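Working notes, beginning with the structure itself.
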Amino acid sequence: MFSVCLTASLQGYLRTSGRVFVDDGGAMVQLRGFGLGGWLVQEGYMWNTSGFYGSTSVIQQKIIELVGDSAASQFYNDYYLAYITETDVIQLSDWGFNCLRVPFHYKFFSPDTGVFVEDGFNILDPLLEWCSNNEIYLILDMHCAPGGQNRNDFSDGDGNEAGLWVREYNREWTVAIWKYIASHYSESQWIGGYDLINEPVLEGGFTSGNLRQFYIEIVDSIRSVDQNHIVFIEGNWYGNDFTSLT
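Residue numbers for the sequence shown follow our numbering, so the first one is 2 and each next one is one higher.
Right, dumping it as structure tokens:
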């Protein structure tokens, strides 16, 4: 759970005004949020497989080895459909939540460079409809960026390097993915915003100044198709170091 003054009825796009969130009517909004960890990014510590099957790709490969491609595909289809339902969203609203953060893997939108698919939209759009019916904002969090934004299991890199910072094509790919996502959701009022990169840890000589420029490139790409939504940025070292960003 995370918490970032709640109105009786939220109006339109989530905005910022100084250091607070407001709705289109200018009323202050306090986000009372719930994170859907483990859904579109399977993490070993959540699945209790940490230490031997840690990352999304490794977990998926082990399931394939266990039951075969066809059964594994069916398992994941069922898993994505069953993880969060309309009934769950209604219950969350009844409990007072008005925001959901969805960690996602870039491959739901672009499995390879220059290739864009609608898998992510097909999964997220029903959730967005349920959220809109219950006045819940949806924040999209790129939890796994191309190449991995750190060496940890939850970024689904190879563990040997944070390839997002080492290889420029991964950064160009990330920019393109965010533009693709923003183009789809540009007029969706219950998208609360875009969390560009989860918990980055820079390496390979990539500096905080470089990170600032990278964020500018992503934001410019988003703004070319979407001027409506908040953009969230995270500092270096797992979101703790905002050198050059403030």
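Beta carbons: idealized from backbone N, C-alpha and C, even for Gly.
These figures come from a predicted structure and were not determined experimentally.
Span separating the alpha-carbon of Arg172 from that of Phe215: Within the sequence shown, residue 172 is the residue found at index 171, counting from 1. Within the sequence shown, residue 215 is the residue found at index 214, counting from 1. C-alpha separation (whole angstroms): 8 Å.
Residue span of the beta strand (DSSP E) that contains His144, given as start and end: Start at 1 with the first residue of the sequence shown, and residue 144 comes out as number 143. From DSSP, the beta strand (DSSP E) with His144 extends over Tyr138 to Cys145.
Cβ contact (3+ pairs, closer than 8 Å) linking the segment 11 to 21 and the segment 76 to 89: no
Three-state class that DSSP yields for Ile198 in the structure shown: As a working mapping, residue 198 is identified with position 197 in the sequence shown. Three-state DSSP puts Ile198 in coil, outside helix and strand.
Presumed contact (8 Å Cβ cut-off) between Leu141 and Val103, rounded CB distance: Here residue 141 is taken as the residue at index 140 of the sequence shown, counted from 1. Here residue 103 is taken as the residue at index 102 of the sequence shown, counted from 1. Yes, they are in contact, since the Cβ atoms of Leu141 and Val103 sit about 6 Å apart, within 8 Å.
Cα-Cα separation, Ser245 to Thr86: As a working note, residue 245 is residue 244 in the sequence shown. As a working note, residue 86 is residue 85 in the sequence shown. If I take the Cα positions, the gap works out to 41 Å.
Alpha-carbon to alpha-carbon, Asp196 and Gln228: Here residue 228 corresponds to residue number 227 of the sequence shown, with the count starting at 1. Here residue 196 corresponds to residue number 195 of the sequence shown, with the count starting at 1. Whole-angstrom Cα-Cα distance: 15 Å.
Straight-line Cα distance separating Thr50 from Ala183: Your numbering for residue 183 matches position 182 in the sequence shown. Your numbering for residue 50 matches position 49 in the sequence shown. Distance between the alpha carbons of Ala183 and Thr50 is about 34 Å.
From Trp48, Leu101, Leu67 and Gly45, residue whose alpha carbon lies closest to that of Gly194: As a first step, residue 194 must be located in the sequence shown, where it is residue number 193. Nearest option by C-alpha distance: Leu101.
Ile85 in three-state terms, based on DSSP: As a working note, residue 85 is residue 84 in the sequence shown. Note: Ile85 maps to coil in three-state DSSP.
Simplified DSSP assignment, three categories, for Asn229: By one-based count along the sequence shown, residue 229 stands at place 228. In the structure shown, Asn229 sits in coil (DSSP, three-state: anything other than H, G, I, E or B).
Distance CB(Trp174)-CB(Thr114) smaller than 8 Å: Locating residue 174 in the sequence shown gives position 173, counting from the first residue. Locating residue 114 in the sequence shown gives position 113, counting from the first residue. Contact: yes.
Helix, strand or coil at Gly26 according to DSSP, with G and I counted as helix: By one-based count along the sequence shown, residue 26 stands at place 25. If DSSP states are grouped into helix, strand and coil, Gly26 belongs with coil.
Burial state of Met143, where buried means 16 or more other Cβ atoms lie within 10 Å: Your numbering for residue 143 matches position 142 in the sequence shown. Flag for Met143 reads buried.
Sequence-distant residues of the same chain with beta carbon closer than 8 Å to Leu37, five excluded per side: Reading the sequence shown from its first residue, position 36 is the one you call residue 37. Answer for Leu37: Tyr84, Ile85, Leu101, Arg102, Val103 and Pro104, listed in chain order.
Nearest-angstrom Cβ-Cβ length linking Ile91 and Asn135, presumed shorter than 8 Å: Walking along the sequence shown from the start, residue 91 turns up at place 90. Walking along the sequence shown from the start, residue 135 turns up at place 134. Right, the Cβ-Cβ distance comes to about 6 Å (below 8 Å), so this counts as a contact.
Start and end residues, alpha helix (DSSP H) containing Pro127: On the sequence shown, position 126 is the one that residue 127 refers to. Start and end: Asp120 to Asn134.
Proximity of Phe117 and Tyr170 at Cβ, strictly below 8 Å: On the sequence shown, residue 117 is found 116 positions in, with the first residue counted as 1. On the sequence shown, residue 170 is found 169 positions in, with the first residue counted as 1. No; because the gap between Cβ atoms is not below 8 Å, this pair is not in contact.
Residues bridged to Thr175 [DSSP beta-bridge criterion]: In the sequence shown, the residue the question calls residue 175 occupies position 174. In DSSP, Thr175 forms no bridge with anything.
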